[in-house]
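In this note's numbering, the protein residues as written are 1 to 506.
Structure representation (structure tokens):
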């Protein structure tokens with residue numbers, strides 16, 4: 001593994017200043033504190049209509065909890081339980097979700113990488129769950145554990161990828177019962193940023209929590225968020241046993257769940273934005289309310305994963321306007337309920353990092369941030385409708401996250417009196433390139449973005465963005481340095497995983 005070595009020699013002088021301006025040291029972005037937006041599409045009356053529709057769905061149609069423990073819990077709490085169908089009164093539901101914190105801290109192994117989630121704060125999280133990769137050679141193939149490790153390493157190296165996650169790709173060379181062990185271990189040891197936990201099974205969730213207790217300490221985990229778990233509702237109106245078992249584990253441990261209906265607008269929900277949002281709000285809030293029966297005050301996140309559906313083929317569509325409008329509506333409803341919200345972005349149906357991938361990616365991110373999303377999943381790399389992750393696109397997307405972070409951080413405070421002095425000194429026909437203000441306040445630039453002349457670009461190989469992204473991914477992997485972990489923690493973690501591997505292979 002290559003190590004980055006510090007340069008020696010005198011640091012002063014003009015050359016050093018030029019180097020600092022043109023190749024500044026990496027600045028790892030912390031939580032995005034949004035200064036622009038959010039956009040509200042509806043007035044109070046429109047919000048009330050969606051709220052009342054969601055409450056009516058839960059009171060009259062009801063929602064299925066396909067888990068005997070959850071059904072018993074709901075019945076004990078006073079809900080109307082008929083078979084697997086649970087009908088929840090609005091007063092009961094609103095009382096339960098009122099206990100969900102509107103904001104919480106998200107602890108990392110390295111305190112400098114810790115984050116905040118909720119209110120005006122947004123965080124970018126890694127891709128999740130793709131069964132294929134588009135490798136460094138550009139070839140599509142099944143994803144392996146080495147790929148998962150590589151995307152954790154890229155996340156650690158990236159200035160903008162705040163949450164490496166848990167499942168950047170599905171490692172298909174690892175048996176399913178052991179998969180969570182390898183992934184949580186890798187997330188904890190290859191990165192020092194906040195992570196996510198497994199929801200593969202109840203035991204996988206328990207193991208995930210236990211591994212964080214080894215690293216952070218049991219008391220710390222009980223009082224602080226150290227991981228989040230992504231739980232999907234089966235839209236329409238079904239929470240299944242595996243998801244509910246994991247929800248109980250994480251809620252009991254005071255760790256948040258991203259309670260996320262997977263929406264194919266027009267197929268699993270009504271096609272219209274408001275009707276679809278009413279349904280998914282009902283589904284997510286039902287899961288959130290149940291979490292508060294398990295542990296009142298446990299942090300939770302209202303979640304969505306919204307795609308459109310092609311009426312020609314039935315295939316999922318990314319980047320169309322209606323899911324963008326739905327994300328804006330979900331954000332407004334989350335603010336109405338006073339809870340953080342999660343969504344997906346930066347994905348495309350394209351099979352290569354081409355122009356379609358670029359505009360799909362941009363079209364999914366703008367409404368997400370303008371809607372005030374707090375926890376943004378799939379923030380880099382997805383191709384093929386989320387079935388594949390591209391090394392090249394991952395790098396390009398991560399750099400775009402820096403642009404979004406800068407834009408939504410808003411205007412910086414400026415000394416206009418000093419600038420008036422510059423304008424007076426330079427006068428008509430001059431230029432500002434030599435002023436201290438220009439040198440000290442360069443505009444943000446993606447360092448892979450090519451703004452050279454055609455002749456220079458051609459002389460340097462006429463490289464496309466895909467080629468440049470692949471080269472940058474390889475460079476980042478070559479210069480990756482593993483963050484340190486105390487020997488006692490690493491030893492205990494390795495021992496836990498080794499024992500569980502044996503248990504799950506029996």
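Glycine included, every Cβ here is placed at the ideal spot set by N, Cα and C. For clarity, every value in this text was computed on a predicted model and none was experimentally measured.
Could you tell me how far apart the beta carbons of residue i and residue j are, in whole angstroms, since I believe they sit closer than 8 Å?
{"i": "residue 273", "j": "residue 322", "result": "6 Å"}
{"i": "residue 324", "j": "residue 367", "result": "4 Å"}
{"i": "residue 363", "j": "residue 342", "result": "At roughly 19 Å, the Cβ-Cβ gap does not stay under 8 Å, so residue 363 and residue 342 are not in contact."}
{"i": "residue 307", "j": "residue 317", "result": "6 Å"}
{"i": "residue 208", "j": "residue 115", "result": "With a Cβ gap of about 19 Å, residue 208 and residue 115 do not count as contacting."}
{"i": "residue 202", "j": "residue 249", "result": "6 Å"}
{"i": "residue 193", "j": "residue 155", "result": "7 Å"}
Ends of the beta strand (DSSP E) at residue i?
{"i": "residue 103", "result": "103-106"}
{"i": "residue 36", "result": "That residue, residue 36, is in no beta strand (DSSP E); it is neither H nor E in DSSP."}
{"i": "residue 85", "result": "85-87"}
{"i": "residue 27", "result": "That residue, residue 27, is in no beta strand (DSSP E); it is neither H nor E in DSSP."}
{"i": "residue 238", "result": "238-240"}
{"i": "residue 265", "result": "257-265"}
{"i": "residue 81", "result": "80-82"}
{"i": "residue 483", "result": "Counting along the chain, residue 483 falls outside any beta strand (DSSP E), and DSSP gives it neither H nor E."}
{"i": "residue 66", "result": "63-66"}
Ordered along the chain, which non-local residues of its own chain (more than five positions away) have a Cβ less than 6 Å from that of residue i?
{"i": "residue 473", "result": "391 and 395"}
{"i": "residue 221", "result": "212 and 213"}
{"i": "residue 22", "result": "Here the model assigns residue 22 a pLDDT of 48, short of 50, so the residue's position is not dependable and the matter cannot be decided."}
{"i": "residue 185", "result": "497"}
{"i": "residue 230", "result": "258"}
{"i": "residue 305", "result": "260, 262 and 344"}
{"i": "residue 464", "result": "none"}
{"i": "residue 280", "result": "261, 263 and 304"}
{"i": "residue 200", "result": "180"}
{"i": "residue 503", "result": "none"}
Can you name, in chain order, every residue of its own chain whose Cβ lies under 7 Å from the Cβ of residue i, other than the five neighbours on each side?
{"i": "residue 215", "result": "109, 188, 489 and 493"}
{"i": "residue 90", "result": "55 and 59"}
{"i": "residue 142", "result": "131, 132 and 172"}
{"i": "residue 332", "result": "40, 41, 42 and 47"}
{"i": "residue 225", "result": "104, 105, 106, 107, 255, 256 and 299"}
{"i": "residue 346", "result": "361, 364, 365, 378, 379, 380, 382 and 397"}
{"i": "residue 234", "result": "240"}
{"i": "residue 182", "result": "145, 171 and 174"}
{"i": "residue 309", "result": "264, 265, 266, 267, 316 and 317"}
{"i": "residue 404", "result": "365 and 369"}
So residue i is in the alpha helix (DSSP H); what residue range does that whole segment cover?
{"i": "residue 196", "result": "No alpha helix (DSSP H) contains residue 196, which is instead part of the beta strand (DSSP E) from 195-197."}
{"i": "residue 444", "result": "Per DSSP, residue 444 belongs to no alpha helix (DSSP H) and is neither H nor E."}
{"i": "residue 231", "result": "Counting along the chain, residue 231 falls outside any alpha helix (DSSP H), though it belongs to the beta strand (DSSP E) covering 227-233."}
{"i": "residue 125", "result": "Premise fails: residue 125 is in no alpha helix (DSSP H) and is neither H nor E."}
{"i": "residue 46", "result": "44-56"}
{"i": "residue 40", "result": "Here residue 40 belongs to no alpha helix (DSSP H), and DSSP marks it neither H nor E."}
{"i": "residue 432", "result": "Premise fails: residue 432 is in no alpha helix (DSSP H) and is neither H nor E."}
{"i": "residue 507", "result": "Lying before the first or after the last residue shown, residue 507 is absent from the chain, which here runs from 1 to 506."}
{"i": "residue 90", "result": "90-97"}
{"i": "residue 118", "result": "Run containing residue 118: none in the alpha helix (DSSP H); it sits in the beta strand (DSSP E), 115-118."}
{"i": "residue 468", "result": "465-478"}
{"i": "residue 347", "result": "Careful: residue 347 lies outside any alpha helix (DSSP H) and carries neither H nor E."}
I'd like the list of long-range same chain contacts for residue i, defined as Cβ closer than 8 Å, with 5 residues on each side in sequence excluded.
{"i": "residue 275", "result": "53 and 269"}
Would the beta-carbon of residue i be found less than 7 Å away from any heavy atom of the ligand PLP?
{"i": "residue 36", "result": "Of ligands this structure carries none, so the ligand PLP is not represented either."}
Could you check whether the Cβ of residue i sits closer than 8 Å to any Cβ belonging to chain D?
{"i": "residue 87", "result": "No chain D appears in the structure shown, which is made up of a single protein chain."}
Segments assigned alpha helix (DSSP H), at least 4 residues, entirely inside the segment 349-429: 355-370, 391-408 and 416-426
Can you find at least 3 beta carbon pairs, one from the segment 90-107 and one from the segment 299-308, that sit closer than 8 Å? Segments in contact, yes.
Those runs of the beta strand (DSSP E) which lie wholly inside the segment 286-323 and span at least 3 residues: 301-303 and 305-309
Does the count of Cβ pairs from the segment 375-388 and the segment 408-419 closer than 8 Å reach three? no
Please specify which runs of the alpha helix (DSSP H), each continuous and at least 4 residues long, are wholly inside the segment 150-219, giving them in chain order. 176-190 and 202-216
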